[in-house]
Structure formats: C-alpha cells, structure tokens
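Just so you know, the protein sequences line up as chains A and B, in that order. Mapping the first sequence onto numbering that gives the first Met the number 0, position 204 (from 1) lands on 203, and the numbers just tick up by one. Mapping the second sequence onto numbering that gives the first Met the number 0, position 502 (from 1) lands on 501, and the numbers just tick up by one. First up is the structure itself, then whatever we jot down about it.
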Amino acid sequence: MKRMNQTTMRRLISIGMLLILILLFTILAGAGKGKFLNFDNLIEVVRDASIPTIIGVGVTYIIITAGIDLSTGSMMALVGMTMANIYAYTLLPFSVMIIAGLIVGLLCGLFNGIIVAKFNVPEFIATLATMSIFRALTYIIAIKDQNGVIKSQPMNHSQYAWLGGGIGKFYFVIMAMIVVVIIGQIVLKHTRYGTNLYAVGASKKAATLSGINVAKTRMIAYVITGLMVAIGAVFTTARLQSATTAIGMDFEFNPIAAAVVGGVALSGGSGDVIGTLIGALFMATLENGVRKLSINTAFQYVIKGAIIIGVVIFDATYKARMDRKAKEQGAKEGLE
Amino acid sequence: MAGNTILEAKGIYKSFSGVPVLQNVNFEVKAGEVHALMGENGAGKSTLIKIITGVYTKDDGQIYWEGKPVEINSYQDCQKLGVACIYQELSVIPPLTVAQNVYLGREPRKGPFIDFAKMNQMTQELIDRYQFPLKPTTVVDNLGIGQRQLIEILKGLSQDSKLLIMDEPTASLSGKEAEMLFRIIQKLRSEGVSIIYISHRLEEVYMLSDRLTILRDGKNAAVLEKKDIIPAKVIETMIGKVVDESAGSRKMLHSDDKAEVRLDVKNLTDKTDRYRNISFQVHRGEILGLGGLIGAGRTEVVRAIYGVDQAVSGEVYLDGKKLNPSPKASILEGIGFVPEDRRNQGFIPLLSTTKNVALTNYDIVKVNGTTISDADELAMSKRAIEAIDIRPSDPNKQVGVMSGGNQQKVVIGKWLMRDLKLLIVDEPTAGIDVGAKDEIYSILEDLAKQGVAIIVVTSDLQELLRVSHRILVMRKGDIVKEFKNVEVTQSMVLSAGQGVEEEAK
Numbered sequence: 000m001k002r003m004n005q006t007t008m009r010r011l012i013s014i015g016m017l018l019i020l021i022l023l024f025t026i027l028a029g030a031g032k033g034k035f036l037n038f039d040n041l042i043e044v045v046r047d048a049s050i051p052t053i054i055g056v057g058v059t060y061i062i063i064t065a066g067i068d069l070s071t072g073s074m075m076a077l078v079g080m081t082m083a084n085i086y087a088y089t090l091l092p093f094s095v096m097i098i099a100g101l102i103v104g105l106l107c108g109l110f111n112g113i114i115v116a117k118f119n120v121p122e123f124i125a126t127l128a129t130m131s132i133f134r135a136l137t138y139i140i141a142i143k144d145q146n147g148v149i150k151s152q153p154m155n156h157s158q159y160a161w162l163g164g165g166i167g168k169f170y171f172v173i174m175a176m177i178v179v180v181i182i183g184q185i186v187l188k189h190t191r192y193g194t195n196l197y198a199v200g201a202s203k204k205a206a207t208l209s210g211i212n213v214a215k216t217r218m219i220a221y222v223i224t225g226l227m228v229a230i231g232a233v234f235t236t237a238r239l240q241s242a243t244t245a246i247g248m249d250f251e252f253n254p255i256a257a258a259v260v261g262g263v264a265l266s267g268g269s270g271d272v273i274g275t276l277i278g279a280l281f282m283a284t285l286e287n288g289v290r291k292l293s294i295n296t297a298f299q300y301v302i303k304g305a306i307i308i309g310v311v312i313f314d315a316t317y318k319a320r321m322d323r324k325a326k327e328q329g330a331k332e333g334l335e
Numbered sequence: 000m001a002g003n004t005i006l007e008a009k010g011i012y013k014s015f016s017g018v019p020v021l022q023n024v025n026f027e028v029k030a031g032e033v034h035a036l037m038g039e040n041g042a043g044k045s046t047l048i049k050i051i052t053g054v055y056t057k058d059d060g061q062i063y064w065e066g067k068p069v070e071i072n073s074y075q076d077c078q079k080l081g082v083a084c085i086y087q088e089l090s091v092i093p094p095l096t097v098a099q100n101v102y103l104g105r106e107p108r109k110g111p112f113i114d115f116a117k118m119n120q121m122t123q124e125l126i127d128r129y130q131f132p133l134k135p136t137t138v139v140d141n142l143g144i145g146q147r148q149l150i151e152i153l154k155g156l157s158q159d160s161k162l163l164i165m166d167e168p169t170a171s172l173s174g175k176e177a178e179m180l181f182r183i184i185q186k187l188r189s190e191g192v193s194i195i196y197i198s199h200r201l202e203e204v205y206m207l208s209d210r211l212t213i214l215r216d217g218k219n220a221a222v223l224e225k226k227d228i229i230p231a232k233v234i235e236t237m238i239g240k241v242v243d244e245s246a247g248s249r250k251m252l253h254s255d256d257k258a259e260v261r262l263d264v265k266n267l268t269d270k271t272d273r274y275r276n277i278s279f280q281v282h283r284g285e286i287l288g289l290g291g292l293i294g295a296g297r298t299e300v301v302r303a304i305y306g307v308d309q310a311v312s313g314e315v316y317l318d319g320k321k322l323n324p325s326p327k328a329s330i331l332e333g334i335g336f337v338p339e340d341r342r343n344q345g346f347i348p349l350l351s352t353t354k355n356v357a358l359t360n361y362d363i364v365k366v367n368g369t370t371i372s373d374a375d376e377l378a379m380s381k382r383a384i385e386a387i388d389i390r391p392s393d394p395n396k397q398v399g400v401m402s403g404g405n406q407q408k409v410v411i412g413k414w415l416m417r418d419l420k421l422l423i424v425d426e427p428t429a430g431i432d433v434g435a436k437d438e439i440y441s442i443l444e445d446l447a448k449q450g451v452a453i454i455v456v457t458s459d460l461q462e463l464l465r466v467s468h469r470i471l472v473m474r475k476g477d478i479v480k481e482f483k484n485v486e487v488t489q490s491m492v493l494s495a496g497q498g499v500e501e502e503a504k
C-alpha cells in the first residue's frame, strides 16, 4: 500500500478544519437568514485574512527555519507612522510615501535578521525586544497636537482611498495577497533559497555541510518579513485612512497562528505558504463567525488560543507517530 | 580489483591534553577496495577518521591523496578531494525529496528556478548506475533509516567521491536493511569506489572487506589481507595476545548461587525489538557484568528494569515483589541507577553536590513545616562525601566543574543515602582517570559485600573482568552467553559478543 506523504496529509487536515468551521457557522447562523454563508460576508472573511496572509508569507519563511518573529505588529505601526509623518509634514508624492514605508519595513527586518543571524540572539528574545523597540519608536515619532498629546493622523488622500478599496468587492488587498502567495510559494518550492529554508530548519548542521550559508538564509527571511509587514501596513492605513499608535497592537499573533494552523511546524523544516493562507482563512472565519453569532468577543481569544495549543500538540504527537511508522515500515520492507 | 593507493596516512600522531591517542599510525586505502578499520573502544579509530575528514588537526604526520601530500583542514577540504563521510547521525532533510537532498546546495537551475526535471533525471541516473532502491521524487519523511543512509551515500557519489567513509553503518539498521547495504557496498566496489568500513561487527567485516587495519591503544596492531581475516586472529590482535595472557585479562569467576535472589527479570521484551525475552537473576551481594557490543541492547534492558523506558512485556521482581516500571517506584523500592550519559542524565551540572545528592532523596530529607531543612540536606551531602571520598569535599561546589571521577562519585553517592537493594551502573568509568576508576570499583565491591545486588554494563573488557562475579553477554538483543564459575578471558567475552565463540578458542 502506498503511504501518503505527511505533508499532503497535513494539508488535507487543515482544509478539513476550515470546511468544518464554515459548515458549523452556516448551521449555527441559520441557513435562511443568510447571516454567515453569503458572498458579501465570505469576501469580508477573505479581506480580513489578507493582511495576516501577506505578513504570514514572511513569517512562514522564518518559522520554516525554526525561528519566530514577534515584532510584526509593532513593525506595522512604525511603518504606518513613518508614512503618516511624510503625509503630514511634507509635500512628497504618494508614491514616495509608500516607498519610504517599504524601506522602513526592510530596515526593521534587517535589524531583526542581524540580531538573530549574526549575533545569534535567540529569535524569541530578539524579536520580543524589537517588538518593544518598534512600538516605542512609533510613539516617539507619533504626531501630536498643540498640547503634546498623541493624535490619530488622518491620511485623506484620494489615491490612498482608492488603494484601500477595490474593484467592486474585489479589494486590492485581496489581489495583493494572491500575488504575494503565488510568488511566495514559487520562491519556496522552486528556488534554491526556498530549499535552503527547509534545510536550515531541519538541521543547521546538515545545511552547513551542504555548503548553505545558514546566517544569510535566516537573515533574508527576516528582511522578506519586514517587506511583507510594510505592504500590510500600507493596506491597513489605506483602509483606515489614518495612522494611530495602536495599529498592529497584538497583531503579531495572527500570522504566527495562521502559519501554525496551516501546518508550519514551530520546530522548523515543514509547511508552506498555501498552508498559511488556509490557516489565515481559518482564523478569519473563526473571528467572523463568532461575531455573527454575537458571542462575546473575549471568547474569541480563548478559542483562538485553545486552537493553537491543540494544533501544536496534534502536530507534535502526529509527527512523532508518523516518523516512527516510516522507520518501522522502512525497516520491514527492507527497501525492495 | 584493488588498484593504486588512493589515500595514505603516514606517521600520524595525535594527543588530547597530553594523553596520546594516536602514535605513529599508518593507514592506507587502495582504489576500489573495502578497507575495514577495527579496534576496541578507545583504540583511536574515530580520531583517525576525524583527522582524515578535517574535524581534528593532527599533531604530526602526513596525509597523501593519490600520491600527493595534502592538507585537510575542514570537511569541505576533504569533500573537494573526493572523500565523503556517511555520518552515523544522519543529515538528510526530511521535508525534501530524495533528489533535493542529493543535490542540496548544488541544485541545477534554469534561470532563478531549480530545474526539477534535470535534477530528478540526474538522481535517477545515479540510482540506476548503482542500483539503489530509491525514487528521486520520494519525500524523505516517508523513508526508513536505511534508505536515508543511502541518500547520504548517493550524495557522496553525486560529488564524484572516490572514497566513502562509513562509521558503524549498520548500527541502527534492521537485518534486511543491512543486507541491502551490503549489496550496495559490493556494487560500489565493483564500480571502483573505495570504502573505509568501521564496524564492531566482525561478521560484517569478515564478509565485506578486502583488507583490515586493526588499531590497538592508538597504534597499528596489524594490516590483514582478506585471506588472513580469521575471526580468532582478529580478536586476538584487537586485544593483544600478550595482554590476554597477563593478569587482569583473565579471571576466575565466582558467584554464590545459594545467596537469595534479589532481582528476577522475566521475559523482558522491547516494543521496537531492541531486546527480546530477557530473563536473568541477580543474587544478594553479586556483581553481574553485562557485556556485549555497543548496540547489543544492554543499556535498553537496564533502562527498562529501572523503568525509564517501558518494555512491551515481561516482569521485574525485586526481593520477590513485582515492580512497577517507573523511576519513582524503582527509587522507592531501593533501586539506584547510574546512567551511561553522565553529564546529561546523571547529574545537574549547575547544582552543588548537596543539591545533586538531595535530588533523589527528598522523600527522606527532613522538613521544617513545609520547607526542606537545609541543615539536613547539607548533613546528607556531607555523609555522601564522607562515604565515598568526593573531592573537593566542599558540599557547595558545583558538580559541573569537578573531575569526571568525582562527578561519578556524586552520582553514585546519592544512592548510598538510601536503603539500596539493587544498583545499576552503565559504563561507570567512561572518561574517568585510572585512580578514580579503582576507587569506583572498590565502592562497588563494598556495596556488594553489604548485600546490594549490582549490574554493571560496560564495553571495557578489562573492567568487565575486573568487577564481575558473573558475566552475561548480549548480542543483537539476546543474551547469548553466561560465564559462571569458570575462568574467562577478554577474548572469550569479545568472541561471544561477536558471535564467533566457537572458532575463537
């Protein structure tokens, strides 16, 4: 009997989880009322999943190398606030503002990458520290009123408003997500860099022996994440038409949760971008459904947290079992 | 078959902190031969290999590759020459395919993208050429250890390696997997690839190798041609005939059958078949030596007795009482366990002697209300220090910074604080200097005199003979031989472990 690939199996499981959740909400919300299962609402779900997915592409790369990035939420705020400053205090064109935002994202990512890959600071601590630094910098450069009180900076630019919308219900952020996911998946599966990410995550020693530059591979993953965060920040501020210091507060949880639910193991070496997309859709569906059912939103966080713990436990036990099976099977077959 | 010399190491010297490990060692491999490297533990095999692969730097001597002197300072240097080492600890990447692993870091590309078609085809060609039972597109996740090992071999071959080094390649393979590996080794040889084959298993060496170099105590003991590879002779050379005749290498065993049985092990069988149907007894005051090759299942058996790992079936009785397989239950019943990997499993390096001694004894340390009595804890560790002469005698000293011998005394010392019935020690003197070894032996002997039953697992034959009252030898998961009330020599034990006891004597 042909054994199913572990990766394929895990993919089917995450798709199954998503479908079950959709089915559950459809039934609970009542089919007749069209509360949950209708086109407008589903598009809303996809729109909500877009930014976690875009940032999730970078975070997926990082987690595949067995790293983590806790600073994405704060980084998003810093990028947003940089753009707000350019909008408020200069007459520079819209495009320059966006490019400046992207550069800030890249630099934040590079900063994380250098600390982690060059100075070997454990990822968790390094990005926990930069989470604090990026958020603090956001407050420092925040736009204040005459009394020195931080205010929300409106960004009412017509082009910007356009970017926050879309063609009908087909929002630009969704298109951006699709493009990023396609490119992200191709890079991961069809380039040397993508292969190196898996190798580094599975065994840094083996990767080094194969001539892979481990530090560079890890660093680039953080830089890519910085860029993805900046793209996320552009769409967030465009949708809100303003920038505040609270942007991205507690947001770092979302791309990590998406990746984990989608099968990117925190121990590194497995998962892909498509999985993260499914995970982000799952989390967005959960949020939406809970809202539609008028369940106390506080419960949403309990459910999210519980699901993450459940998935991680499942992955760990499942992986251990599959590995043992593969070994036993291999030993039994004698590789005929 | 075998042609010119491909690799030659001449007059290699190496010492670690003043202790010579290799002395004037010569080693030569010809093109297209399987050259086995044998020797007891500590004979210098792995040090020699690490010098050849650039992991260690030699103190003196010269390495020649195809007749030219070469300097090998890193594994990359040795790869460039065409030497590939198949590590015991496999370095394949599970989420990638066979082909991706073989060409990791060297993938053929079309523009920025990996050319999968070409890569799979190149891998298929290699597979066909050497007849490996693999497919380029299989994800490694789904493969057994044996197949993963083949990927490493393929990786070496894809880099046009002319010499493969295999260090105990069959250690974690099943019988069928090993057979497949042997077929492949023979195929490789016929293709002109040289192989350095390091193994403890004489039957494999006997079957596969064209020549055999034996190291003993860091020196060349012999280079044997195929026709001279006779098990008895190999064992004799490994141990050294002179040594075998000398005192300490033969011993008259005495055990007292009439003493009451303390430990009774019945039909212990492992879930993954690392040992099966293990039954034996240990008597009051008896030191039972458990010999055999590394990987014979000895450590697994004693871990199951202590209850760290659980056997799938079988029972263990201590003084007639059936034991629950758990470390906690074992401790409460009076079993002490001194594990093989001292640093990681035996003690907590950052804690003091006091804390390490107290760790397994908190049930008997006095309490003040709800907190541990520091005074009693300290008094206990002072008793341990006194009982087995731990130096430094400062109970607050971190155990991690002590010498190996004193660390081991701390590990043993904590068990002496209890009413001990059975003590299990696994490789008790590995990495410990001679003086401390003797002290540890006398501690064990004293304990036995007090009626404690002791199991000593050791790969050091001299040690096995020195401490044991009775010896059981394990081989591939079975007890194959018992030496009881007879005169026994190192060769006899080694032969039993190798499965050649008949021819050897």
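Every residue, glycine too, gets a C-beta built ideally from N, C-alpha and C. Please read all numbers here as calculations on a predicted model, not as lab measurements.
> Between which two residues does the beta strand (DSSP E) harbouring N219 of chain B extend?
Replying inline: In this chain, the beta strand (DSSP E) harbouring N219 of chain B covers K218 to E224.
> If you scan the region 74-110 of chain A from start to end, which runs of the beta strand (DSSP E) of 3 or more residues do you find wholly inside it?
Replying inline: none
> Beta carbon of H468 of chain B, beta carbon of I286 of chain B: below 9 Å?
Replying inline: yes
> Do you know offhand how far D362 of chain B's Cα is from K327 of chain B's?
Replying inline: One Cα belongs to D362 of chain B, the other to K327 of chain B, and the distance between them is close to 11 Å.
> What residues match up with R469 of chain B in a beta bridge as DSSP calls it?
Replying inline: In the DSSP output, where bridge partners are listed per residue, R469 of chain B has B:L287.
>> Between the region 181-193 of chain B and the region 306-316 of chain B, can you find at least three pairs of beta-carbon atoms closer than 8 Å?
In response: Touching, no, given that fewer than three Cβ pairs across the two stretches are closer than 8 Å.
> Near R215 of chain B, which residues of its chain fall below 8 Å by C-beta distance, leaving aside the five closest residues on each side in sequence?
Replying inline: G38, E39, A42, T236, M237, I238 and G239
>> Quick check: what's the CA-CA separation for W414 of chain B versus F298 of chain A?
In response: 51 Å
>> Which residues does DSSP list as the beta-bridge partners of W64 of chain B?
In response: B:L6 and B:K67
> Which residues of chain B have a Cβ atom closer than 7 Å to the Cβ of Q240 of chain A, listed in chain order?
Replying inline: Correct list: empty, because the minimum Cβ distance to chain B is about 38 Å.
>> If contacts are defined as beta-carbon pairs under 8 Å, then T244 of chain A and Y88 of chain A qualify, I think. What distance do you get, rounded to the angstrom?
In response: 17 Å between Cβ atoms; not a contact.
>> With a threshold of 7 Å on Cβ separation, who are the neighbours of I293 of chain B within its own chain once the five nearest residues in sequence on each side are excluded?
In response: So the list reads H199 and S458, once near-sequence residues are dropped.
> Looking at C-alpha atoms only, which residue of A:W161, A:V56, A:R191 and A:I102 is the closest neighbour of M111 of chain B?
Replying inline: Looking at the sequence shown, residue 111 of chain B is not Met but Pro. Nearest C-alpha to P111 of chain B: A:R191.
>> Which residues of the region 134-157 of chain B have a Cβ closer than 7 Å to any Cβ of chain A? Give them in chain order.
In response: V138, D140, N141, L142, G143, I144, G145 and Q146
> How big is the Cα-Cα spacing for G55 of chain A and Q78 of chain B?
Replying inline: 38 Å
> How far does the beta strand (DSSP E) with V281 of chain B in it reach, from first residue to last?
Replying inline: I277 to H282
> T370 of chain B to E151 of chain B, Cα distance in whole Å?
Replying inline: 55 Å
>> For a cutoff of 9 Å on Cβ pairs, would you count R108 of chain B as touching chain A?
In response: Yes, contact with chain A.
>> If the criterion is Cβ atoms closer than 9 Å, does the pair A83 of chain A and Q152 of chain A meet it?
In response: yes
> Taking the continuous beta strand (DSSP E) assigned at A452 of chain B, which residues delimit it?
Replying inline: Start and end: A452 to V456.
> Residues of chain A with a CB under 7 Å from the CB of F181 of chain B: which are they?
Replying inline: Within 7 Å of the CB of F181 of chain B, no CB atom of chain A is found; the nearest one sits about 12 Å away.
> Contact check, F115 of chain B vs I183 of chain B under 8 Å by CB: the rounded distance?
Replying inline: Between I183 of chain B and F115 of chain B the Cβ distance is about 26 Å, and since that is not below 8 Å, they are no contact.
>> Taking 7 Å as the limit between beta carbons, can you name the residues of its chain near L77 of chain A, skipping five residues before and five after?
In response: V103, C107, F133, L136 and T137
>> I need the straight-line Cα distance from A8 of chain B to V24 of chain B, nearest angstrom please.
In response: The straight-line gap from Cα to Cα measures roughly 8 Å.
>> Quick check on the DSSP output: what are the complete alpha helix (DSSP H) runs of length 4 or more inside the region 219-286 of chain A, in order along the chain?
In response: 252-260
> Grouping DSSP H, G and I as helix and E and B as strand, with all else coil, what is A503 of chain B?
Replying inline: Low confidence applies to A503 of chain B: its pLDDT is 40, below 50, so where it sits in the model is not reliable, and the reading given next is rough at best. Helix.
>> Going by DSSP in three states, E539 of chain B sits in which element: helix, strand or coil?
In response: Past the edges of chain B, shown from 0 to 504, lies residue 539 of chain B, and the structure says nothing about it.
>> Using DSSP's beta-bridge definition, name the partner residues of Y170 of chain A.
In response: A:G165
> So, using beta-carbon positions, are L239 of chain A and G163 of chain A closer together than 9 Å?
Replying inline: yes
> If contact means a Cβ-Cβ distance below 7 Å, which residues of the region 197-208 of chain A contact chain B?
Replying inline: Y197, A198, A201, S202, K204, A205 and L208
>> Just checking: is the beta-carbon of F346 of chain B within a distance shorter than 9 Å of some beta-carbon in chain A?
In response: no
>> So, does the region 197-215 of chain A touch the region 227-234 of chain A, judging by three or more C-beta pairs under 8 Å?
In response: no
>> Can you check which of these residues, B:E462, B:L162 and B:E438, is closest to G404 of chain B by C-alpha distance?
In response: B:E438
> Under a CB-based cut-off of 9 Å, is K504 of chain B close to chain A?
Replying inline: Model confidence at K504 of chain B stands at a pLDDT of 39, short of 50, so the residue's coordinates are unreliable; what they give is reported in the following sentence. By this cut-off, K504 of chain B is not an interface position.
> Could you give the distance in angstroms between the alpha-carbon of D263 of chain B and the alpha-carbon of S14 of chain B?
Replying inline: 45 Å
> Just how far apart, CA to CA, sit S13 of chain A and S94 of chain A?
Replying inline: Cα to Cα, S13 of chain A sits roughly 39 Å from S94 of chain A.
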